[in-house]
Amino acid sequence: MRILRAAGYRVMPWKNGGGTTTEITVSPDGAGLDDFDWRVSMARVETGGPFSSFAGIDRTLCVLEGQGIVLDIAGEPPAELIGPSAPFSFAADVPTAAALISGPITDLNVMTRRGRMTHTVERLTLATPLEIEARADTTLVLPLDGEIVLAGTTPERLGPLDALVLDRGASRQRLEPAASTILFVIRIDRAGSNH
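In structure tokens, the structure reads:
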């Protein structure tokens with residue numbers, strides 16, 4: 015079990031230079047934008063325009079802050095994403111443009127290398143304690159707007175946008191929200207693993 019604090023995340027330019035991204039975690043450690051197996055990050059989107067293209071990458075997007083965004087993905091009808099929307103998955107190597115609904119947004123990006131890794135993203139509203147099981151190779155828990163206590167012999171606190179990282183087989187974690195909070199649970203597996 016590891017806790018990554020929001021204050022320590024790395025801020026870097028977008029691949030296309032159009033903004034900045036805040037990297038929560040990447041695998042392997044220290045991987046760049048062209049050689050990661052998987053990556054979890056947040057981006058501040060100030061204006062509409064084209065998305066960076068990532069060859070061979072599958073991507074899931076969630077709106078964390080702001081009114082929302084409309085994605086125009088080649089060959090697909092426009093997809094409107096707002097805060098309460100379900101996580102939206104698409105291929106990161108298909109031409110994609112974005113239009114802001116009303117002002118800047120911050121989004122959560124989960125990306126995995128197709129054929130090597132897979133991922134799922136859940137958006138939960140947590141008002142009562144929840145037990146998280148580390149059944150994926152890597153499980154990340156990210157509270158959006160509230161504090162969560164990890165119950166145990168030495169209780170730990172997760173603040174907004176801190177990340178709890180669990181590797182497969184880690185002991186179950188009991189999450190106790192201080193108040194109702196939005197929680198993202200990201201599970202990442204090697205492709206073809208039959209767990």
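The opening residue of the sequence shown carries number 15 in my numbering; numbering runs sequentially from there.
Cβ coordinates follow ideal geometry from the N, Cα and C atoms, glycine included.
Judged by DSSP secondary structure, Ser-41 falls within the beta strand (DSSP E) whose first and last residues are 34 to 41. Shown here for Val-25: same chain residues with a beta carbon closer than 6 Å to its own, the five before and five after excluded, namely Thr-34, Thr-36 in chain order.
If one requires a minimum length of 3 residues, the beta strand (DSSP E) runs lying completely within the segment 62 to 130 are 71 to 79, 83 to 87, 93 to 95, 102 to 105, 110 to 114, 119 to 127, in chain order. Shown here for Asp-86: same chain residues with a beta carbon closer than 6 Å to its own, the five before and five after excluded, namely Pro-92, Ala-111 in chain order.
Per DSSP, the unbroken beta strand (DSSP E) holding Trp-52 starts and ends at 52 to 59. Judged by DSSP secondary structure, Leu-144 falls within the beta strand (DSSP E) whose first and last residues are 144 to 146.
Here Ser-99 has Val-77 as same chain residues with Cβ atoms under 7 Å from its own Cβ, once five neighbours each way along the sequence are excluded. Scanning Val-155, Ala-205, Ala-177, Gly-89 for the CA closest to the CA of Leu-138 turns up Val-155. The Cβ atoms of Pro-118 and Gly-80 lie closer than 8 Å to each other.
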